[in-house]
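Some notes on the structure that comes next.
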Amino acid sequence: MKCLIIDDDKFERDGLVYLLRQMGFGLEFIDVKNGRLGLEVLAKENIDIVITDIKMPVMDGMTFLEKANVMKPDAAYIIYSGYNDFVYAKQALSLNVLDFLVKPVDEEELDKVIRQALAAVQGKRQAEMQTGLNRILAGQAAAEAEMLFAGGGRLILLGTDRDLMPEEWQAMTAVSKRLGGKAVFFQMQPKRYVFWCDNLSEIFSVNIANELIQQCQAPARVIVSVRVKRAEEIRRAGQMMLELLREAIFLKEKTVLLPDIYLKETPPPLAADADVGALIEDWLALGLAGH
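What follows is the structure in structure tokens.
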């Protein structure tokens with residue numbers, strides 16, 4: 007994740023970067039000296055967290071926040087300023103500001119606020135990913151939904167004999183959270199669950215799939231897609247995987263891999279256009295791998 011720091015005092019900027027790196031959040035940093043330059047960065051970079059001073063030349067922090075919320079409403083904004091600027095705190099609440107840190111910063115307070123910011127950003131991103139995936143799988147993909155998955159990733163589809171119990175759901179969402187903001191787990195249909203994560207290797211994907219099965223107390227099957235990128239690839243993979251789960255009698259293993267031949271630009275007929283049983287027998291003949 008990327009963090010933008012805006013302060014006209016280079017010593018303060020460097021100090022914040024040093025502290026945050028010592029805390030081990032794994033953030034990338036960009037720092038600038040006023041709000042106008044901050045807006046230029048927001049226009050070019052995918053910024054997740056913004057820490058800004060208030061009193062700066064050229065463009066102050068409050069003006070920056072007003073404009074930044076229009077450009078990047080899903081970022082986490084934090085004010086970092088002096089005691090005399092605390093009168094701005096009430097106004098900051100209306101500008102989507104997560105918290106107000108007072109100089110000189112307390113390290114424990116900084117740690118707490120950054121953790122809150124990371125959680126907020128990840129929560130928003132996962133909600134966007136879930137909505138986007140649902141639209142793609144339903145054949146309603148818009149350009150903005152497809153952009154969320156432009157880097158590619160893998161679908162993991164979990165089928166169970168019943169809906170998950172609360173403790174099972176909690177355990178599986180914990181797997182998603184462990185992988186950070188690039189993973190999402192949600193229910194697609196009754197007894198059908200989708201797990202997506204950016205750029206998982208095949209081996210790691212199968213390990214995740216097996217972990218999901220272990221967390222499920224009811225009989226379950228998991229199908230792992232090849233790496234997919236375009237919306238049509240994601241939609242086709244999801245449809246194929248759902249059809250395969252409907253014919254669970256053909257699945258001799260708990261975890262299987264979907265052959266990539268069905269994601270080609272001129273694939274064999276979709277299950278809706280062919281006999282499902284014969285189609286799945288063809289998949290197995292092509293080398294559908296069980297693990």
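Counting from 7, one number per residue, gives the positions in the sequence shown under our numbering.
All residues carry an ideal CB built from backbone N, CA and C; glycine is no exception.
Fair warning: this is a prediction, and the values are worked out from it, not measured in the lab.
Delimiting residues of the beta strand (DSSP E) encompassing Q221: The count along the sequence shown starts at 1 and reaches residue 221 at position 215. Premise fails: Q221 lies in the alpha helix (DSSP H), 208 to 221, not in any beta strand (DSSP E).
Would you mind reading off the limits of the alpha helix (DSSP H) that contains K197? Along the sequence shown, one-based indexing puts residue 197 at 191. Per DSSP, K197 belongs to no alpha helix (DSSP H) and is neither H nor E.
Distance check for V76 and V230, CA to CA, integer angstroms please. Looking up residue 230 in the sequence shown gives position 224. Looking up residue 76 in the sequence shown gives position 70. Taking the straight line joining both Cα atoms gives about 38 Å.
Closer than 8 Å by C-beta to A226: which residues in its own chain qualify, once you throw out the five before and the five after it? Chain order, please. Residue mapping note: residue 226 aligns to position 220 of the sequence shown, counting from 1. Only L164, G165, T166, D167, L218, I219, K260 meet the Cβ criterion.
What separation, rounded to the nearest whole angstrom, lies between the Cα atoms of M62 and L116? Taking the first residue of the sequence shown as 1, we reach residue 62 at position 56. Taking the first residue of the sequence shown as 1, we reach residue 116 at position 110. Cα-Cα distance, rounded: 21 Å.
Nearest neighbour of I162, chosen from R141, Q176, P79, S211 [CA to CA]: Here residue 162 corresponds to residue number 156 of the sequence shown, with the count starting at 1. Residue S211 is the option with its Cα nearest to I162.
Look at I84 and L99 and say whether their C-beta atoms are less than 7 Å apart. Counting from 1 along the sequence shown, the entry for residue 84 is found at position 78. Counting from 1 along the sequence shown, the entry for residue 99 is found at position 93. The answer is no: Cβ separation not under 7 Å.
If we ignore side chains and look at the alpha-carbon of each, how far apart do R131 and F155 end up? Within the sequence shown, residue 131 is the residue found at index 125, counting from 1. Within the sequence shown, residue 155 is the residue found at index 149, counting from 1. Straight-line Cα distance between these residues: approximately 12 Å.
Rounding to the nearest angstrom, what Cα-Cα distance links K78 and A224 in this structure? Here residue 78 corresponds to residue number 72 of the sequence shown, with the count starting at 1. Here residue 224 corresponds to residue number 218 of the sequence shown, with the count starting at 1. K78 and A224: Cα-Cα distance of roughly 42 Å.
Is the distance from the Cβ of D204 to the Cβ of G157 below 7 Å? Residue 204 sits at position 198 when you count from the first residue of the sequence shown. Residue 157 sits at position 151 when you count from the first residue of the sequence shown. Yes; because the gap between Cβ atoms is below 7 Å, this pair is in contact.
Segments assigned alpha helix (DSSP H), at least 4 residues, entirely inside the stretch 28 to 110: 41 to 50, 67 to 77, 95 to 99
Rounded distance between the beta-carbons of I36 and K8, thought under 8 Å: Position 2 of the sequence shown, counted from the first residue, corresponds to residue 8. Position 30 of the sequence shown, counted from the first residue, corresponds to residue 36. About 7 Å separates the two Cβ atoms, so the contact holds.
Compute every distance between the C-beta of E46 and the non-hydrogen atoms of the ligand NAD, then say whether any falls below 6 Å. The ligand NAD is absent from the structure shown, which contains no ligand whatsoever.
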